[in-house]
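Numbering (full-length UniProt numbering), first residue to last: 1 to 629. By construction, the Cβ of each residue, glycine as well, lies at the ideal position given by its N, Cα and C atoms. As the structure is a prediction and not an experimental result, all values here were calculated from the model. Scroll down for the structure; my scribbles are underneath it.
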Ligand code: 6R9
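Listed below in structure tokens is the structure:
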């Protein structure tokens, strides 16, 4: 990072209707934050007490840098908090899960039905010899059985490692091997854009040379008996025959591992992030209830896949622990047409909707005639996660989807953090482009390489200064890698993102620090330049990288996807170059602009700039197992 790092910021704000704050569990943000600061352990203990513990903790936290333990001595089971708690407390006939398949099929589970299904499958896993602590790899389509399998693992204390069912055999193999998985749970096929994906044959390839794997559990997506190809394979439903649907929850220590999840890997090798039971549950529950303001009568739709941390925390553990109704669907945003998602919001009366900037920009590209066809008045809150939400995309999301009334929660967080860390809590003014402020419970700042706070409007590195309950506990098989997060700047957690603060303490994320571009000694975050490009009416999406430049050290090279109705031309190149110059300044002017139909992205929709860069430089892009296509 160079020293010079001024960032040009807009001052636009949107004020949400006061009723949002008045009806929220959090109430006044500043008051809640002050309460946290005055007694951090007391604050978290209060949040933890809202959950069911088999045995209460003796001590809220033990911080032995860089290792943390939370709710020490406490015993609990996360599946009991997501299921038994509701079944016992008058919510047994409430809808827990609505599933909508790509071909229009539907399935629903009440809390009681989900509870029974989880216990049956948990007993089936036990019958296969699964014991507490064993690692189970899930490679499944987004069907109810996926959620059931996760909760069943948690019920018996097995550690799940979910691999997104779009990854290829090699990526799956690497994850199975690293976690030494004993069982792989999959389905015969997955469905995507009308095509069948042969998941089971991918698993067959992936388990070659994986001696840890003892059984492969195969679900038939059509619920017909599965034809088994080998001794290793068993049928998801056949193994449940004759088992009891009573399975008491395993008593888990607060610090027993709950899952391993391999990160998205936009900038390097995927890492096996380990989360434990108590702290993770407290973080997921707290942020659902107090930050997303999720209430029992909400219909919550998070468009992520369970194979991503967002799916773990905000499809499964958070919303179910709150007792909300969760919608899941295997539909993609533009199949069979770009109206499908809005039709689902109308049909199911979705109240809280959570998606990613990549989807929002895709919808902007095809035009607002699609959402305009549907009644979206059930929506109460809309959220975003995964990448910076460019100001242009914020404005569009707010106006076209939120209909100028729903607050946007742009939530910054990571696989490693387990829960939301920075956002604009309900009731606070929203500023397009800024994720917002650290939520109560989180101490975050923007600092220079030495750890000195940087003045407002100057870019720096985002750090978290205090441990929090849902922080990762280690990197599986790689404790040194874990330590590296904590030993770069003053023993704080270094996030790996660049950011800037304004005078009110609002934080804007400027991109990954590995992607930083240094032009003539000035730092440029990728998001800054990309947002400038996206603010041009012709541009739907943009990615920028730094390329070597004899004079300036590096220069900006831009890759641009145009909105419908625009054609690439030399004139447009000049216009866009000029537009960036006027928006940020001469330093950010791209030296080259290339028009693309598609950008390389991870399966979770993040732009992989290192792939563009490797291609540009003619070098090996490194690990691309998480690349979309
Ligand atoms: C939840 C998730 C983490 C990285 C993170 C940052 C980027 C996530 C963001 C955001 C700007 C947001 N990121 N949310 N950047 N604004 N609201 O995405 O986890 O897959 O581990 O990625 O994603 O760069 O460091 P993960």
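Does at least one heavy atom of the ligand 6R9 sit under 7 Å from the Cβ of residue i?
{"i": "residue 494", "result": "no"}
{"i": "residue 509", "result": "yes"}
{"i": "residue 309", "result": "yes"}
{"i": "residue 633", "result": "It is not possible to answer for residue 633, since the shown part of the chain is limited to 1 through 629."}
{"i": "residue 44", "result": "no"}
{"i": "residue 415", "result": "yes"}
{"i": "residue 411", "result": "yes"}
{"i": "residue 603", "result": "no"}
{"i": "residue 385", "result": "yes"}
{"i": "residue 501", "result": "no"}
{"i": "residue 31", "result": "no"}
{"i": "residue 526", "result": "no"}
{"i": "residue 457", "result": "no"}
{"i": "residue 609", "result": "no"}
{"i": "residue 355", "result": "no"}
{"i": "residue 497", "result": "yes"}
{"i": "residue 431", "result": "no"}
{"i": "residue 435", "result": "yes"}
{"i": "residue 606", "result": "yes"}
{"i": "residue 263", "result": "yes"}
{"i": "residue 512", "result": "yes"}
May I ask you to list the residues that DSSP assigns as paired with residue i?
{"i": "residue 541", "result": "561"}
{"i": "residue 68", "result": "63"}
{"i": "residue 160", "result": "136, 259"}
{"i": "residue 419", "result": "Per DSSP, none; premise fails for residue 419."}
{"i": "residue 192", "result": "195"}
{"i": "residue 252", "result": "76"}
{"i": "residue 233", "result": "216"}
{"i": "residue 601", "result": "607"}
{"i": "residue 100", "result": "106, 329"}
{"i": "residue 555", "result": "547"}
{"i": "residue 627", "result": "602"}
{"i": "residue 95", "result": "110"}
{"i": "residue 4", "result": "522"}
Could you give the residue range of the alpha helix (DSSP H) that holds residue i?
{"i": "residue 617", "result": "609 to 617"}
{"i": "residue 583", "result": "570 to 583"}
{"i": "residue 205", "result": "199 to 206"}
{"i": "residue 276", "result": "Per DSSP, residue 276 belongs to no alpha helix (DSSP H); it is in the beta strand (DSSP E), 272 to 276."}
{"i": "residue 373", "result": "Careful: residue 373 lies outside any alpha helix (DSSP H) and carries neither H nor E."}
{"i": "residue 519", "result": "Segment 517 to 519 is the beta strand (DSSP E) holding residue 519; no alpha helix (DSSP H) there."}
{"i": "residue 395", "result": "391 to 396"}
{"i": "residue 409", "result": "Element bounds for residue 409: not the alpha helix (DSSP H) but the beta strand (DSSP E), 408 to 411."}
{"i": "residue 121", "result": "111 to 127"}
{"i": "residue 87", "result": "85 to 88"}
Among the candidates the options, whose CA atom is the shortest distance from the CA of residue i?
{"i": "residue 315", "options": "297, 335, 334, 355", "result": "355"}
{"i": "residue 138", "options": "20, 259, 78", "result": "259"}
{"i": "residue 350", "options": "363, 331, 376", "result": "376"}
{"i": "residue 49", "options": "142, 381, 281, 361", "result": "281"}
{"i": "residue 415", "options": "306, 556, 503, 243", "result": "306"}
{"i": "residue 55", "options": "254, 190, 10, 409", "result": "254"}
{"i": "residue 203", "options": "164, 192, 456", "result": "164"}
{"i": "residue 501", "options": "515, 431, 554, 378", "result": "431"}
{"i": "residue 187", "options": "210, 560, 146, 209", "result": "146"}
{"i": "residue 548", "options": "573, 517, 193", "result": "517"}
{"i": "residue 323", "options": "495, 234, 88", "result": "88"}
{"i": "residue 251", "options": "80, 130, 76, 62", "result": "76"}
{"i": "residue 271", "options": "102, 562, 477", "result": "477"}
{"i": "residue 299", "options": "308, 130, 381", "result": "381"}
Determine the extent of the beta strand (DSSP E) in which residue i is found, giving its start and end residues.
{"i": "residue 507", "result": "507 to 512"}
{"i": "residue 522", "result": "522 to 524"}
{"i": "residue 53", "result": "No beta strand (DSSP E) holds residue 53; DSSP gives it neither H nor E."}
{"i": "residue 178", "result": "Note, residue 178: premise wrong, no beta strand (DSSP E); alpha helix (DSSP H) at 169 to 179."}
{"i": "residue 187", "result": "183 to 187"}
{"i": "residue 385", "result": "381 to 385"}
{"i": "residue 595", "result": "590 to 595"}
Counting only C-beta atoms, is residue i closer than 8 Å to chain D at any point?
{"i": "residue 524", "result": "Among the chains in the structure shown there is no chain D, since it carries only a single protein chain."}
Task: Continuous beta strand (DSSP E) assignments of at least 3 residues falling wholly in the stretch 282 to 361 - done: Listed in chain order, they are 299 to 302, 325 to 329, 352 to 355.
Task: Whole runs of the beta strand (DSSP E) within the stretch 428 to 504, excluding any shorter than 3 residues - done: Along the length of the stretch 428 to 504, whole beta strand (DSSP E) runs at least 3 residues long occupy 444 to 447, 460 to 464, 493 to 501, reported in chain order.
Open item on the list: As an exercise, report each continuous alpha helix (DSSP H) stretch of at least 4 residues that is fully enclosed by the stretch 13 to 43, in chain order.
Closed with: Counting whole runs of 4 or more residues, the stretch 13 to 43 contains the alpha helix (DSSP H) stretches 18 to 22, 29 to 38.
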